[in-house]
Amino acid sequence: MSHAVTGYFLDVAPEVESALERGGAVVALESTIITHGMPYPQNVATAREVEAVVRENGAVPATIAVIGGRIKIGLKDEELEWLGTATEVMKLSRADLPYAVAVKRHGATTVAATMICAHLAGIRVFATGGIGGVHQGVESTMDISADLDELARTPVAVVCAGAKAILDLPRTLEYLETRGVPVVGYGTDTFPAFWSRSSGLAVPIRLDTPEAIADLMRTKQALDLTGGVLVANPVPEADEISASDMRGFIDGAIAEASRRGVTGKAVTPFLLSFLFETTGGRSLATNIALVKNNAALAARLAASLVRAAS
Ligand code: PSU
Ligand code: MN
């Protein structure tokens, strides 16, 4: 997209714009985690802390959301606070983004939509908690997150703690392979399961430094291969909830969602908030810790990418 057209839809925060212009490190952050992933006030506090972690690790944070139809690349502090309490905020994936912009709605961007907006702004690295994936029961629901196809088409590296263990993780990995997405375990041989360090499933690629991941990204681009890279970074040991501890809570949450007839976009937010209640807040504490851990790695990766370019 030309600069003129991009400028027509995007409001890039001055700090982000100047970092991009001088070839500095920038990390995109999503906003669905704020509006649909965590309760207030922890959502706003976490969003601020995550931005601080990005800075401490040498990059400029750019939290992305749609406000009144404008695609914001970098939010003001009062916009973050407003987003954390607002009720009329859509959950925007690829399919919803043009509508929200056209009719001037407010929307929080999922992994898929954040990747699209980051790419429009020229940002190459993005930190989140856990990506969406193939849902359990996909045989009947066909519920596969648009995050996976976005990873196949948009050249942004997404640093996550794996996919949420509420999903069908073996099928999520199969789908990513089918769509040609490199999945990197950062310092691990197994794919992380969000709240737990390991799903027990082998991760296709293991890399141990941000520099090695930056090198993979550059090589992929040089080979003219489209799409992003998924970097799976296990939650720190001190903050994890073991897979066996999580299993019962997750099964209970999925059963409750089906009892209540929760479908579509509402599934992931429902499961996250139900788990927050049933784990007595433990799932949220782990979620906060893993997002900060991902923000630190994403900032180091972004810094490594710009170093190598100069
Ligand atoms: N990571 C978190 N919490 C979240 C999400 C990610 O720690 O709430 C959001 C992301 O925005 C992701 C979305 O794109 O969940 C997946 O939604 P769905 O399964 O409907 O595609
Ligand atoms: Mn879905």
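Counting along the sequence shown from 1, when you hit position 158 you're at 157 in the numbering used here, and nothing is skipped either side.
All residues carry an ideal CB built from backbone N, CA and C; glycine is no exception.
The structure displayed is predicted, hence computed values, not measured ones.
Would you mind reading off the limits of the alpha helix (DSSP H) that contains P233?
-> Along the sequence shown, one-based indexing puts residue 233 at 234. No alpha helix (DSSP H) contains P233, which DSSP labels as neither H nor E.
Where does the unbroken alpha helix (DSSP H) through M216 begin, and where does it stop?
-> Looking up residue 216 in the sequence shown gives position 217. M216 -> alpha helix (DSSP H) spans 209-221.
Meets three-Cβ-pair contact criterion under 8 Å: the stretch 241-259 and the stretch 190-200 = yes
Element boundaries [alpha helix (DSSP H), containing I287] | In the sequence shown, the residue the question calls residue 287 occupies position 288. Here the alpha helix (DSSP H) through I287 covers 281-308.
Since R69 is in the beta strand (DSSP E), which residue starts that stretch and which ends it?
-> Numbered from 1 along the sequence shown, position 70 holds the residue referred to as residue 69. That run of the beta strand (DSSP E) goes 69-72.
C-alpha gap between A294 and V157, whole angstroms = What you label residue 294 is simply residue 295 of the sequence shown in a count that begins at 1. What you label residue 157 is simply residue 158 of the sequence shown in a count that begins at 1. Roughly 10 Å between the two C-alpha positions.
Among A252, A288, L200, which has the Cα closest to the Cα of E276?
-> On the sequence shown, residue 276 is found 277 positions in, with the first residue counted as 1. Closest option to E276, Cα to Cα, is A252.
Same chain, Cβ closer than 7 Å to V88, five either side skipped, listed in chain order = In the sequence shown, residue 88 corresponds to position 89, counting from 1. T34, L82, H105, G106, A107.
Since A213 contacts L300 with CB under 8 Å, what's their CB separation in whole angstroms?
-> Here residue 213 refers to the residue found at position 214 of the sequence shown. Here residue 300 refers to the residue found at position 301 of the sequence shown. A213 to L300, Cβ: 6 Å. Contact.
Do D146 and A111 have their C-beta atoms within less than 8 Å of each other?
-> Your numbering for residue 146 matches position 147 in the sequence shown. Your numbering for residue 111 matches position 112 in the sequence shown. Yes, they are a contact pair.
Is the beta carbon of V182 less than 8 Å from the beta carbon of A231?
-> Taking the sequence shown and counting its residues from 1, one reaches residue 182 at position 183. Taking the sequence shown and counting its residues from 1, one reaches residue 231 at position 232. Cβ atoms of V182 and A231: closer than 8 Å.
Say yes only if the C-beta of G263 is nearer than 7 Å to one or more non-hydrogen atoms of ligand 2, and no if none qualify.
-> Translated into the one-based positions of the sequence shown, residue 263 becomes position 264. Correct: G263 has its Cβ closer than 7 Å to ligand 2.
Within the present structure, is the beta-carbon of S282 separated from the nearest heavy atom of ligand 1 by less than 7 Å?
-> The sequence position of residue 282 within the sequence shown is 283, counting from 1. Answer for S282: no, Cβ out of range of ligand 1.
Please check the pair A254 and F269, which I expect to be a contact at CB under 8 Å, by giving their CB distance rounded to whole angstroms.
-> The count along the sequence shown starts at 1 and reaches residue 254 at position 255. The count along the sequence shown starts at 1 and reaches residue 269 at position 270. Not a contact, Cβ separation roughly 12 Å.
Excluding the five sequence neighbours on either side, which residues of its own chain have a C-beta within less than 6 Å of the C-beta of I66, listed in chain order?
-> Within the sequence shown, numbered from 1, the residue matching residue 66 stands at position 67. Result list for I66: H105, in chain order.
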